[in-house]
Amino acid sequence: MKGSLRDFVLHALQAWPRLGWQLGRGESEAGEAEDNFSRLGTDVRGAFVARSSFCDPGWTWVYFVLGTAKAPRPSPTTTTNPTPLR
Numbered sequence: 011m012k013g014s015l016r017d018f019v020l021h022a023l024q025a026w027p028r029l030g031w032q033l034g035r036g037e038s039e040a041g042e043a044e045d046n047f048s049r050l051g052t053d054v055r056g057a058f059v060a061r062s063s064f065c066d067p068g069w070t071w072v073y074f075v076l077g078t079a080k081a082p083r084p085s086p087t088t089t090t091n092p093t094p095l096r
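Sequential numbering of the sequence shown, starting at 11, is according to our numbering.
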């Protein structure tokens, strides 16, 4: 997409909830952000990974996965995992 990684993340955080999407907890590191999301009131689920395009800082690569599932929607949480992945 045209824009910085920061532009994409801010858009997702601000616009998607207004459009009925619930974001998960998400995580980021230098040059990358990822999160899961769901459509409120439906069984539509998805996830994305967004990465800065190091060849052109005006662009961001965004990979989406979208589908339906009967699994419970992830709940936002403010607690940390006591055994983080390494």
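Heads up, the beta-carbon is just placed ideally off N, CA and C, and yes, glycines get one too. Here the structure is a predicted model, which means the values were calculated and not measured.
Taking each of L23, L15, G13, G68 in turn and checking the Cα distance to F47, the smallest one comes out for L23. Residue pairing by DSSP places Q32 opposite S48 in a beta bridge. Bridge partners of S62 according to DSSP: T70. When C-alpha distances from R35 are compared across P67, R28, V19, G41, the shortest belongs to V19. A check of alpha carbon separations from L76 across D45, S62, D17 identifies D45 as the nearest.
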